[in-house]
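Below is one structure; the comments refer to it alone.
Numbering (UniProt numbering), first residue to last: 1 to 192.
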């Protein structure tokens, strides 16, 4: 439009002639802004508004988090409510500056007991036992055959209907049912 160095755009001829006044034509030709620059400016304004709103939300969330952290660290647990609330952090973790840490041990607490005279072998054995328990926890249980069958059916349907994935709604529902059963079994097992 107003850029002299740009390549000429194709001209489309309408069936009916379009009549514009010379002042409108001059104003359009003399304008340094094009449609793309106006769109970019609108986009920048929208982005700045969104960023400002996000910053307001972040600030309010940070303030709420600080308030919650303060309330967590200043409230004593129920069992210590009868004791002196002015106890100060003491012990090994007194140097921690986390707002979530507060030592609620009474001032007259017993000092830590002397380290036991355990041998290197007993400590090594305990470490090995803990490693074995950790390795057992890492093992993933085999997926039941019903879930595997539903998964394979869904994958096969999606591959067959790659242009129309909504045709696989029955397979999706079957897969969801099987996974739901698996989740319920896990929740039941974990709840024990």
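Cβ atoms here follow ideal geometry from the backbone N, Cα and C, with glycine treated the same way.
So which of the options has the shortest CA-CA distance to residue i?
i           : options       : result
residue 158 : 171, 149, 129 : 171
residue 177 : 38, 136, 144  : 144
So what does DSSP say about residue i, is it helix, strand or coil?
i           : result
residue 46  : helix
residue 130 : helix
residue 51  : helix
residue 193 : No answer is possible for residue 193: it lies beyond the span of the chain, which begins at 1 and ends at 192.
residue 11  : coil
residue 18  : coil
residue 36  : helix
residue 119 : coil
residue 60  : helix
residue 31  : coil
residue 68  : helix
Less than 8 Å between the CB atoms is what I'm expecting for residue i and residue j, so what's the real figure, rounded?
i           : j           : result
residue 150 : residue 174 : 5 Å
I want to check one thing, is the minimum distance from the CB of residue i to the heavy atoms of the ligand SAM below 7 Å?
i          : result
residue 11 : By its list of ligands, the structure shown contains no ligand whatsoever, and the ligand SAM lies outside what it can speak to.
Take residue i and list the residues in its own chain whose beta-carbon comes closer than 7 Å to its own, dropping the five residues that flank it on each side.
i           : result
residue 147 : 178, 179, 182
residue 39  : none
Output needed for residue i: all residues of its chain with C-beta closer than 8 Å, excluding positions within five of it in sequence on either side, in chain order.
i           : result
residue 154 : 168, 171, 172, 174, 175
Please list, in chain order, all residues of the same chain as residue i whose beta carbon is under 6 Å from its beta carbon, the five residues on each side excluded.
i          : result
residue 68 : none
Problem - Inside the segment 126 to 179 only - alpha helix (DSSP H) runs reaching at least 4 residues - result: 145 to 160
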